[in-house]
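Reading through the structure tokens given below for one structure.
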Amino acid sequence: MSITVAASSRFNWLPRFGRGPFPLYAGATIIAFWVIVALLTPWIAPYDPITQDLSQTLQPPSLAHLLGTDNFGRDVLSRIMWSSRIDLQMGIIGVVFPFMIGTIVGSLAGYFGGWVDAVFMRILDVVLAFPFLVLMLSIISILQPGLISFYIAIALVGWVSYARLIRAQVLVLKNSDFVIAGKSLGFSHLRLMFKHILPNSITASIVFSMSDVVLVVLAGSSISYLGLGVQPPTAEWGVMIAEGQNFISSAWWMTTFPGLALVLMAFGFSLLADGLGEKLGVRE
Amino acid sequence: MTVATSMRTISGTPVLSVRDLVVGAKTPQGPRTIVDGVSFDLHQGQILGLVGESGSGKTVTCRALMRLLPATSLSIQSGSIRLIDQDIAHLPEDKMCQLRGSKIGMIFQNPTSHLDPVMRIGEQIAESIRFHENASRREAKAKAVDLLRQVGIPDPQSRVDNFPHEFSGGMRQRALIATALACNPGILVADEPTTALDVTVQAQILRLLLDLRDQRGLAMILITHDLGVVAQTCDSIAVMYGGRLAEIGPKRALLREPRHPYTARLIACQPGASTGYGLMPSIPGQPPSVNAFPSGCRFHPRCDLAIPICQQEHPPMREMAQDHFSACHRAEDVVPLRTDTDVNQARKAL
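What follows is the structure in structure tokens.
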């Protein structure tokens, strides 16, 4: 027994991967890094992300261009920095709207049940029946390629996960004792739903939204990579990877660094989701 | 029914008057009657104890009074519930919402689960004040502090910002009482308010309810299966069996001279000095199931006074003494069972 205690205390200084608050702090640090980069980019980016300099094409990483240049002579580091603004924005807007729609739909369906529930759940089944990216792509092609279409598509598709999470919680909570106590005080349905049931059921959705950010950023990049999201010459990691793939044998830095940036941001949000889930006691 | 003129112990018009209340349930086996023809009056300042075994319909009766029956399974089939001057048995839900909390309040058995775990105690009390009286945030909070003081929470000024998990069991029940009384309802329905509490706290909460009755002239319905609690607090007692009222009357008369065999046996089942360390007396047989209520008097299969008519006819409520009603064909023959020998003799006779 004493040996185990000694062993565990000796390694206490090590970050505890996978549990405890470490993932939370690590994730928060990475995301904070990207937020600071995104905010300061206009002042600290060494070059303009769009202006071409055909005398400097396909330069490997050097002191002048830390991460090299692309086929139009644009600085890869500056483009990565500028696109962090777009990718963060995609992650946030692409989660906030599905979160709100899903929460409202899930609350209504769970609380009122009956035909309200039936209608919303059948719509949800239809959305779920299609693969996520296929549905996103078809909605964006019906509209027109671009960031706004991406936001509309993600709002139309992404709400289902939140609706299901919230509905399951509301179904349990709507017959809970404190809701009955609220009814005995004469509270209206809306008040019970949004002031008592929702605060008790939203934790799981908040944790899920953090891991959802990862999916949304990746989806945004994938769709931009496919040419339906952010349009060139605007800098966006997916766009940069798409542009760089033709030069992958001669200019590896064009695809590798945007890819690493994307992975780092996704990793940050994943850690944050894990840590938050641990902290709030949610098991996914 | 003739109970209409009962409860003259406290004069004036009743604040709550229930007549022939019938609550039906939809079950997979078909419709069932859960509460059948319950009538009683409740006056200002009066505490009515509603006693009965589990499943006798006490809680359903009270949920019906609050109009809080789960709409999908239970509904009021007939009868009237007069709250002050209007019949609320079929009042529309939005009108009912205005009455709940402001005219009639309710407290529950398990205070821990009946408080919102993520909301501060003060906010929960203030919420109904703001909702019913359109008070400002500041007024409502001041009132919440005052209410916490009235229900005996020490240092209410700082306790008002606590969450429910920071309160002890007894304090949570006090807080729940404060939320129920926030908008000064004239009637408080208490569904086994002390069952989840330990005995010393139980006595404190009952004391508090009595004090509140005296201060505010509150009328109260106290559901319990503890005759000891009833004896300490109530003015009158209604005994329910199998969804029907068996007996209703003033506390003293009913406990001393029960006029229904079920009441008599129930009193004999109370642990007392005579029980010693022996086996606790019980009533032989099982309480009836809603799916198969016996014909006639629902107590007859377990009753040692049963005669053939008990199997055929449901006994009507008869006034045996002033305000004391019993639904038994042989009400005159019921003798109080006091001692072990009485109980044993009755058991042998069965």
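Protein chains in written order, with our numbering: chain R, 7 to 290; chain A, 4 to 353. Glycine included, every Cβ here is placed at the ideal spot set by N, Cα and C. Computed from a predicted model, the values in this text were never measured in an experiment.
Partner residues on chain R for residue i, Cβ-Cβ distance less than 8 Å
i	result
glutamine 325 of chain A	Per Cβ cutoff of 8 Å: no residues; glutamine 325 of chain A is ~34 Å from chain R at best.
cysteine 100 of chain A	Gly192, Phe193 and Ser194
arginine 103 of chain A	Lys189, Ser190, Leu191 and Gly192
methionine 109 of chain A	Ala187 and Ser190
Beta-carbon neighbours of residue i, restricted to chain R and to distances below 7 Å
i	result
threonine 182 of chain A	Leu191
methionine 283 of chain A	What methionine 283 of chain A touches in chain R: nothing, since even the nearest Cβ is about 30 Å away.
phenylalanine 43 of chain A	Within 7 Å Cβ-Cβ: nothing; phenylalanine 43 of chain A doesn't reach chain R, min ~20 Å.
Residue i - partner residues in DSSP beta bridges
i	result
valine 25 of chain A	A/Asp39 and A/Ser81
glutamate 2 of chain A	Residue 2 of chain A lies beyond the range of chain A shown here (4 to 353); nothing can be said about it.
serine 239 of chain A	A/Leu51 and A/Pro253
isoleucine 226 of chain A	A/Leu53 and A/Asp194
glycine 86 of chain A	In the sequence as presented, glycine is not what sits at residue 86 of chain A; that position holds leucine. The partner list for leucine 86 of chain A (beta bridge, DSSP) reads A/Leu19 and A/Gln89.
leucine 45 of chain A	A/Leu19
proline 34 of chain A	A/Lys29
arginine 152 of chain A	Per DSSP, none; premise fails for arginine 152 of chain A.
leucine 322 of chain A	Note that residue 322 of chain A is glutamate in the sequence shown here, rather than leucine. Looking at the DSSP assignment, glutamate 322 of chain A forms a beta bridge with A/Phe328.
threonine 75 of chain R	R/Asp81
histidine 110 of chain A	According to the sequence as given, residue 110 of chain A is isoleucine; it is not histidine. A/Ala193, per the DSSP bridge assignment.
tyrosine 244 of chain A	A/Arg247
Residues that residue i contacts on chain A, provided the C-beta gap is smaller than 8 Å
i	result
histidine 202 of chain R	Asp119 and Met122
phenylalanine 184 of chain R	Ser116, His117, Leu118, Asp119 and Pro120
Three-state secondary structure assigned by DSSP to residue i
i	result
methionine 271 of chain R	helix
serine 105 of chain A	coil
alanine 249 of chain A	strand
glycine 287 of chain R	coil
serine 327 of chain A	Checking the sequence, you will find histidine at residue 327 of chain A rather than serine. Strand, per DSSP.
leucine 278 of chain R	helix
proline 264 of chain R	helix
alanine 257 of chain R	coil
alanine 276 of chain A	Caution is warranted here: a pLDDT of 49 is assigned to alanine 276 of chain A, below 50, making its placement in the model unreliable, and no coordinate value can be reported.
arginine 141 of chain A	helix
threonine 115 of chain A	coil
threonine 62 of chain A	helix
threonine 57 of chain R	coil
glutamate 242 of chain R	coil
threonine 63 of chain R	coil
valine 121 of chain A	coil
cysteine 186 of chain A	coil
alanine 115 of chain R	helix
threonine 266 of chain A	helix
methionine 174 of chain A	helix
glycine 192 of chain R	coil
asparagine 181 of chain R	coil
Within chain R, partners of residue i - CB distance below 9 Å
i	result
asparagine 113 of chain A	Asp183
Is it a yes or a no for the segment 13-26 of chain A touching the segment 195-209 of chain A, going by three-plus beta-carbon pairs under 8 Å? no
* Is there contact here, the segment 233-243 of chain A with the segment 46-58 of chain A, by at least three beta-carbon pairs under 8 Å? -> Touching, per the Cβ criterion.
What residues in the segment 124-149 of chain R have a beta carbon less than 7 Å from any beta carbon of chain A? none
| message | For the structure I just gave you, are there three or more beta carbon pairs, one from the segment 211-224 of chain A and one from the segment 156-171 of chain A, closer than 8 Å? | response | Remark: fewer than three beta-carbon pairs, one from each stretch, lie closer than 8 Å, so the segment 211-224 of chain A and the segment 156-171 of chain A are not flagged as touching.
| query | Are the segment 76-90 of chain R and the segment 260-267 of chain R in contact at 8 Å, needing three or more beta carbon pairs? | reply | yes
Members of the segment 198-222 of chain R near chain A, C-beta cut-off 7 Å:
His202, Pro205 and Asn206
Quiz item: With a cut-off of 8 Å, do at least 3 Cβ pairs link the segment 186-195 of chain A to the segment 220-229 of chain A?
Solution: yes
Q | Near-chain R residues of the segment 131-160 of chain A (beta-carbon distance less than 7 Å), N- to C-terminal order | A | Ser131, Phe134 and His135
Assess, as a yes-or-no matter, whether the segment 223-243 of chain R is touched by the segment 124-143 of chain R under the definition of 3 or more beta carbon pairs within less than 8 Å.
-> yes
Exercise for the section: Below 9 Å between beta carbons is the criterion; list the residues of the segment 34-60 of chain R that meet it against any residue of chain A, in chain order. Expected result: none
**OP:** Give a yes or no on contact between the segment 130-137 of chain A and the segment 183-192 of chain R, applying the rule of three or more CB pairs nearer than 8 Å.
**Re:** Enough Cβ pairs lie closer than 8 Å, so yes.
(request) Give a yes or no on contact between the segment 166-176 of chain A and the segment 76-91 of chain A, applying the rule of three or more CB pairs nearer than 8 Å. (result) no
Does the segment 92-104 of chain A come close enough to the segment 116-123 of chain A to have 3 or more Cβ pairs within less than 8 Å?
No: the two stretches stay apart, fewer than three of their Cβ pairs being nearer than 8 Å.
Practice prompt. Closer than 7 Å, Cβ to Cβ, to anything on chain R: give me those residues from the segment 63-79 of chain A, in chain order.
Written response: Met69 and Leu71
Exercise. Would you call the segment 110-125 of chain R and the segment 59-75 of chain R touching, i.e. three or more CB-CB distances under 8 Å?
Worked result: no
Requested in this report: Inspect the CB distances between the segment 97-107 of chain R and the segment 42-57 of chain R and report whether three or more fall short of 8 Å.
Outcome: no
Query raised in the report: Is it a yes or a no for the segment 118-132 of chain R touching the segment 209-218 of chain R, going by three-plus beta-carbon pairs under 8 Å?
Result: no
Using 8 Å as the threshold, is the segment 174-190 of chain R in touch with the segment 240-253 of chain R, meaning 3 or more CB pairs across them? Short answer: they don't touch.
Checklist entry - How do the segment 314-332 of chain A and the segment 285-292 of chain A stand: do at least 3 beta-carbon pairs fall below 8 Å, yes or no? => result no
Would you check if the segment 244-251 of chain A and the segment 295-315 of chain A touch, i.e. whether three or more CB-CB distances between them fall below 8 Å? yes
* Asked: Between the segment 259-273 of chain A and the segment 69-78 of chain A, do three or more beta carbon pairs fall short of 8 Å?
  -> no
Determine, using beta-carbon pairs with one atom in the segment 264-275 of chain R and one in the segment 34-46 of chain R, whether at least three such pairs fall under 8 Å. yes
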